[in-house]
Amino acid sequence: MVVKKRVVRKGRRNKIRILAIGDPHGDLEKIKKIPVENVDLILIPGDLSKADIARKINFGRINGKESSDALKRKAFMEIYKSTFAVLRYLGKKAPVYYIWGDFDYSDKAVKKGIKDFGSSLPFFSKEFKKIDNVRAIRDKKVRFRGLSIGGLERFEDVNWVRDFRPDEFDKRMKVARKETKRAKKILGKFGKVDILLCHQPPFEVLDKVSNPVAPKRWNGKNAGSELILDYVKKKKPKYVFCGHIHEGKGMKKVGKTVVFNLGCCGWKVVEIE
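Structure representation (structure tokens):
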């Protein structure tokens with residue numbers, strides 16, 4: 002995997018043009034309508050894949066319905082194929098930095114799927130290595146032409162479990178405490194960055210749920226992360242790019258930090274010197 006960089010002429014200070022694209026969800030038709038020419042870098046805050054089947058399975062589980070292994074495998078393959086269709090297309094236009102969201106699979110998750118389904122599944126990591134010009138910045142701080150970018154992938158936040166009270170509450174809270182502690186440690190290692198790329202929005206910032214397919218008890222609640230909000234207030238990055246809560250799409254300031262919830266396939270170009 003090779004990430005190409007635009008050549009900068011010596012003695013000339015160039016602005017960096019960054020295109021941030023909201024959760025693609027495998028919708029290549031919409032992605033192809035986004036003007037991707039003349040940008041130096043593309044950022045994606047997770048949920049690259051089409052996950053229509055997986056979403057139905059998840060909401061069904063919330064409402065007490067269980068799905069067959071065959072349907073779960075179909076959901077996995079939908080996610081797998083659509084993820085790489087998006088990355089192959091965008092990687093031909095500019096360097097792509099992305100993180101993972103709710104519907105992206107680690108090798109550990111794939112191994113669990115193989116065990117659960119009793120059949121073979123392709124590993125995402127092997128396919129990622131075949132694609133030039135794309136880079137996962139999962140829980141990493143990287144630099145691009147002097148610009149610092151922190152990529153914080155989706156995590157189960159304690160405040161979300163506390164407020165939304167999903168099924169298997171105690172189990173989910175145990176996971177959330179562990180993942181929130183880990184995310185806090187990662188943000189601590191980031192220190193100050195120019196851009197924070199994260200999946201969920203900061204708490205009470207473009208994060209209110211109003212989704213007809215979500216459980217009714219969730220609507221009207223804030224689904225953002227208190228941990229991310231605390232980081233933004235303390236470290237004051239120039240920009241935060243996020244997604245996750247599609248209906249929260251928009252822009253809002255937290256102090257001097259500009260937060261963009263890019264929704265699903267929304268986009269924004271910013272220039273930074």
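Following our numbering, the numbering of the sequence shown begins with 2 at its first residue and continues without gaps. Where is the CB? At the ideal position from N, CA and C, for every residue including glycine. Note that the coordinates shown come from a computational prediction; the quantities given were computed from them, not determined experimentally.
In this structure N262 is buried. Its beta-carbon is surrounded by 16 or more other beta-carbon atoms within 10 angstroms. Taking C-beta atoms as the reference points, V135 and V97 count as a pair closer than 7 Å. S83 counts as buried, since at least 16 other C-beta atoms from the protein chains shown sit within 10 angstroms of its C-beta.
In this structure, DSSP gives E248 a helical state, which the three-state scheme calls helix.
Following the DSSP letters along the chain, one finds N160 inside the alpha helix (DSSP H) bounded by residues 159-165.
The count of Cβ pairs closer than 8 Å, one atom from the segment 19-31 and one from the segment 247-263, reaches three, so the stretches are in contact. Here DSSP, grouped into helix, strand and coil, assigns F125 to helix. Of the candidates F204, I196, P213, I196 places its Cα closest to the Cα of I273. Separation of the CB atoms of I150 and P202 is rounded to 17 Å, and the pair is thereby denied contact status at 8 Å. The criterion of a C-beta distance shorter than 7 Å is satisfied by Y106 and F125. By the criterion of a C-beta distance shorter than 7 Å, F104 is surrounded in its chain by D48, S50, A52, A55, I80, once the five residues flanking it on both sides are discounted. Here F191 is actually not in contact with L230; their C-beta atoms are around 15 Å apart, not less than 8 Å. For F118, the secondary structure class from DSSP, reduced to helix, strand or coil, is helix. Spanning the alpha carbons of P123 and V271 requires a straight line of approximately 36 Å. R144 sits exposed, since fewer than 16 C-beta atoms from the chains shown fall within 10 Å of its C-beta.
In the three-state scheme derived from DSSP, where H, G and I count as helix and E and B as strand, E154 is classed as coil. Of the residues assessed, N223 falls on the buried side of the cut-off, its CB having 16 or more other CB atoms within 10 angstroms. Taking C-beta atoms under 8 Å as the contact rule, S226 and D158 qualify, at a distance of about 5 Å.
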